[in-house]
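Novice:
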Amino acid sequence: MTGTIFLRPAGMALIGLIAILAGAPPALAQVQVGIPGCADDVAVQASRTLVTFESRGRPIRAYLYAPRGEPNGAGLVMLHGGTGFEMNSILFDAHAIQLASRGYWVILPAYFDADTPDQRRRLVNGRAWRQAALDAAVQLAGKPGVSPGRVALWGYSRGAGVALNAASAPGSPIHSAVLVAGGGEVDGTLAGRDLSFLLMHARRDEAVPVRATLELAADLREAGAAVDVQGLDFDGHQYDLPTWCAVMGRTRTFLESRPEPEHAPS
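Letter by letter, the sequence shown follows residues -29 to -1, 1 to 237 of mature numbering (1 follows the signal peptide of the UniProt record, and there is no 0).
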């Protein structure tokens, strides 16, 4: 099923749409769509569409967020954490709408649709999820006003690992990635790829220790990527709203500081 919701400025924001679309409890029904509560929120000028695209022959659900004003040329693939698409689409929805209202095209794919998480099949899972992320990037690269070389990956927790694998894969068209509360390993060299990463971590993260993020940063630099590591003023893995506001603000700063790649994919 595909459906589009047009989101109006904050003063006329619809109530409870996040809860309705994601099947959330009635307690969430008083949330204003597209207004997460950050100090720098802008008036909502975006649409959200529930779409599907194909990855390795399987349908992948996704929310697609389109700017209703002038696109800024950039696209962002947001990759959810281990709690899955249904839960994280509630968490990230208003932030994605804010990004779209600033001119970004954003897609939030249900990459678990590509392969069900299974501890016995981690390598198979990883390959399927990586391809789903890359196929989502292809979807954005074809949208009006998007420069293919400015489509970036963004991932939180498990999604950060998927973003890492997709950005560092041989032949990947990705030039920028934001990894939030992520760790992992780098396989091979990234030299000559014009690849930049922003890594963010909180203090005393019980799921992804700070040392795992710092070790990943060192490995990425050794492999030839440019890396910026930023600490967050928060303790733990499940961030509060001010921390998410900081994450999104730093994400925008990072993406907007990146020049157009010299050899952007066609």
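Cβ atoms here follow ideal geometry from the backbone N, Cα and C, with glycine treated the same way. Just so it is clear, the structure is predicted and the values come from calculations on it, not from any experiment.
For R27, name the three-state secondary structure that DSSP assigns.
Specialist: Note: R27 maps to coil in three-state DSSP.
Novice: If you count every other CB in all the chains shown that lies within 10 Å of the CB of F(-24), and 16 or more means buried, which is it?
Specialist: Note that F(-24) scores 48 on pLDDT, short of 50, meaning its location in the model is unreliable; the coordinates nonetheless yield the value given after this. Result: exposed.
Novice: By Cβ distance, which residues of its chain are closer than 6 Å to residue 238, with the 5 residues on each side in sequence left out?
Specialist: Because residue 238 is not part of the residues shown, which for the chain are -29 to 237, the question remains open.
Novice: Curious, which full-length beta strand (DSSP E) runs of at least 3 residues does the segment 89 to 162 contain?
Specialist: The qualifying runs are 122 to 127, 147 to 151.
Novice: Just grab the DSSP bridge partners of R223 for me.
Specialist: BP columns for R223 are empty, so no partner.
Novice: Quick check on this structure: which residue in G207, R92, P38, G113 has the alpha carbon closest to the alpha carbon of T20?
Specialist: Looking at the Cα atoms, P38 is the closest of the given residues.
Novice: Using DSSP with H/G/I as helix, E/B as strand and the rest coil, what is D176?
Specialist: DSSP places D176 in coil when its eight states are reduced to three.
Novice: Once you ignore the five residues that flank L161 on each side, which residues in its own chain have a CB closer than 8 Å to its CB?
Specialist: The residues are S139, L191, A194, G195, A196.
Novice: Please identify the residue among G132, Y127, L150, S72 whose C-alpha is closest to the C-alpha of M58.
Specialist: Cα-wise, what sits closest to M58 is Y127.
Novice: On the DSSP letters alone, give me the boundaries of the alpha helix (DSSP H) that D190 sits inside.
Specialist: From DSSP, the alpha helix (DSSP H) with D190 extends over 181 to 194.
Novice: Would you list the one or two residues that DSSP bridges to P80?
Specialist: P80 is bridged to A33.
Novice: Using DSSP with H/G/I as helix, E/B as strand and the rest coil, what is L166?
Specialist: Correct three-state label for L166: coil.
Novice: Using the three-state DSSP reduction, which class does Q69 fall into: helix, strand or coil?
Specialist: Correct three-state label for Q69: helix.
Novice: Of the residues Y34, M219, A178, which one's Cα is nearest the Cα of Y82?
Specialist: The option with the nearest alpha carbon to Y82 is Y34.
Novice: Going by C-alpha to C-alpha distance, which of H208, A131, R129, P232 sits closest to L166?
Specialist: Among H208, A131, R129, P232, the Cα nearest to that of L166 belongs to P232.
Novice: Between L105 and the rest of its own chain, which residues show a CB-CB distance below 6 Å, the 5 nearest in sequence each way excluded?
Specialist: Counting only Cβ-Cβ distances below 6 Å, and skipping sequence neighbours, we find A137.
Novice: Here's the rule I'm using: 16 or more other beta-carbon atoms within 10 Å means buried, otherwise exposed. How should V174 be labelled?
Specialist: Correcting the residue identity first, residue 174 is Arg in this sequence and not Val. By the 10 Å Cβ count, R174 comes out exposed.
Novice: Beta strand (DSSP E) containing G202: first to last residue?
Specialist: Its beta strand (DSSP E) spans residues 197 to 206.
Novice: Suppose you measure from the CA of G113 to the CA of G46; what does that come to, to the nearest Å?
Specialist: The straight-line gap from Cα to Cα measures roughly 10 Å.
Novice: Taking the alpha-carbon of G142 as reference, which of G159, G132, V149, I31 has the nearest alpha-carbon?
Specialist: Nearest option by C-alpha distance: G159.
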